[in-house]
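Enquirer:
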Ligand code: NDP
């Protein structure tokens, strides 16, 4: 178990990719704190799965759109776990529509969840993070290739994580803390079900011809969080079955 004695904080860990990451890191030996915004029952279910693995788990309600809420959740997680070795910024929302119709409120909300929360959450986590820690952000392959109209805001918000990750790598490298951006492609979750009417178009873009599973993303995050991630920093790993190839 490569994460024995480690702790991890995962935002949006109640469902989908974040839940798979939380469970996988726990299976590798880490104690876990996760956040959710509305899904208290789902979060309790993931806490139960992690406890069944013999690890500690805590769930905190925190809206990533609210900076104060993010800081409070990080501090609560650190108090519960004692330290934060691994921080996974995963919470996200899909946003799509004609460029002419995007409101300023929607722009603020999406940027707050996808960008500001990552910065603020990292700032709050740093005093609790030992040297050699890991900061892993979940972006999207749509940051690199926008395959259809209507995705300007979502793609822009995820593209911001590229510069953010490179900057963090430089800011924190002297402490042995790494920063990596993980970019999923179409992954079967509530956000993007493999059974939706839009799924065949996404499959057609993929070199492998099928959706990824949340566990595919979790496997790479586990590698980055473990000893194998020690020298991977300031870079991006895209896990999209070749959609952007
Ligand atoms: P889901 O919609 O399946 O799950 C989203 C998770 O984030 C839930 O745990 C949800 O909590 C939480 N969440 C949503 N909004 C907030 C918020 N404001 N504050 C705190 N938590 C929040 O999404 P996925 O698992 O598919 O997506 C996870 C990440 O992966 C996102 O960043 C997404 O953009 C990215 N991604 C997903 C792809 C896909 O095809 N699925 C492709 C590329 C990137 P709750 O249960 O309380 O609602």
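Numbering (full-length UniProt numbering), first residue to last: 1 to 245. In this text, a Cβ means the ideal position worked out from N, Cα and C, and glycines have one as well. Since we're looking at a predicted model, the values are computed, not measured.
Would you call the CB atoms of residue 115 and residue 157 closer than 7 angstroms?
Expert: Yes.
Enquirer: Consult DSSP for residue 213 and reduce its assignment to one of helix, strand or coil.
Expert: DSSP places residue 213 in coil when its eight states are reduced to three.
Enquirer: What are the uninterrupted segments assigned as alpha helix (DSSP H) that are 4 or more residues long and contained completely in the segment 64-98, given in chain order?
Expert: Here the runs fully enclosed are 67-81.
Enquirer: Okay, do the segment 29-45 and the segment 7-18 touch, 3+ Cβ pairs below 8 angstroms being the bar?
Expert: Segments in contact, yes.
Enquirer: Can you tell me which of 199, 176 and 216 puts its alpha carbon nearest to the alpha carbon of residue 209?
Expert: Answer by Cα proximity: 199.
Enquirer: Is residue 203 near the ligand NDP - that is, is its Cβ less than 6 angstroms away from at least one heavy atom of it?
Expert: No, since every heavy atom of the ligand NDP falls outside the 6 angstroms radius drawn around the Cβ of residue 203.
Enquirer: What does the alpha-carbon distance come out to for the pair residue 110 and residue 171?
Expert: If you take the alpha carbons of residue 110 and residue 171, they lie about 25 angstroms apart.
Enquirer: With three or more beta-carbon pairs closer than 8 angstroms as the criterion, would you say the segment 89-101 touches the segment 40-60?
Expert: Touching, no, given that fewer than three Cβ pairs across the two stretches are closer than 8 angstroms.
Enquirer: Does the beta-carbon of residue 135 have 16 or more other beta-carbons within 10 angstroms, so that it is buried, or is it exposed?
Expert: Buried: at least 16 other Cβ atoms inside 10 Å.
Enquirer: Strictly by DSSP, which residues pair up with residue 144?
Expert: Beta-bridge pairing links residue 144 to no other residue.
Enquirer: I'd like the list of long-range same chain contacts for residue 56, defined as Cβ closer than 6 angstroms, with 5 residues on each side in sequence excluded.
Expert: Only 31 meet the Cβ criterion.
Enquirer: Starting from residue 33, trace the beta strand (DSSP E) both ways and give me its first and last residue.
Expert: Element bounds for residue 33: 31-36.
Enquirer: What residues are listed by DSSP as bridge partners for residue 137?
Expert: 89 and 181, per the DSSP bridge assignment.
Enquirer: Residue 24: buried (16+ other C-beta within 10 angstroms of its C-beta) or exposed?
Expert: Result: buried.
Enquirer: Exposed or buried, what is residue 18 when buried is set at 16 or more other beta-carbons lying within 10 Å of its beta-carbon?
Expert: With 16 or more Cβ atoms within 10 Å of its Cβ, residue 18 is classed as buried.
Enquirer: Near residue 146, what residues of its chain come up, given a Cβ to Cβ distance below 8 angstroms and the 5 sequence neighbours on each side ignored?
Expert: Within the same chain, residue 146 has close Cβ partners 152 and 155.
Enquirer: Using 7 angstroms as the threshold, is the C-beta distance between residue 232 and residue 182 below it?
Expert: For residue 232 and residue 182, no; Cβs fall outside 7 angstroms.
Enquirer: Can you tell me which of the three DSSP states residue 152 falls into?
Expert: Three-state DSSP puts residue 152 in a helix.
Enquirer: Got a sec: does the ligand NDP put a non-hydrogen atom nearer than 6 angstroms to the Cβ of residue 95?
Expert: Outside the cutoff, so no.
Enquirer: Mark residue 167 as exposed unless 16 or more other C-beta atoms lie within 10 angstroms of its C-beta, in which case mark it buried.
Expert: With fewer than 16 Cβ atoms within 10 Å of its Cβ, residue 167 is classed as exposed.
Enquirer: How would you call residue 140, buried or exposed, if buried means at least 16 neighbouring beta carbons within 10 angstroms?
Expert: Classification for residue 140: buried.
Enquirer: Short of 7 angstroms in beta carbon distance, which residues of its chain neighbour residue 194, apart from the five on each side in sequence? Order them along the chain.
Expert: Closer than 7 angstroms at the Cβ level, and outside the excluded window around residue 194, lie 188 and 211.
Enquirer: Based on Cα-Cα distance, which residue from 245, 21, 175 and 224 lies nearest to residue 127?
Expert: Closest option to residue 127, Cα to Cα, is 175.
Enquirer: Classify residue 196 as buried or exposed, calling it buried when 16 or more other Cβ atoms lie within 10 Å of its own Cβ.
Expert: Burial call: exposed.
Enquirer: Taking the straight line between their C-alpha atoms, what separation do you get for residue 221 and residue 104?
Expert: Looking at the two C-alpha atoms, the distance is approximately 33 angstroms.
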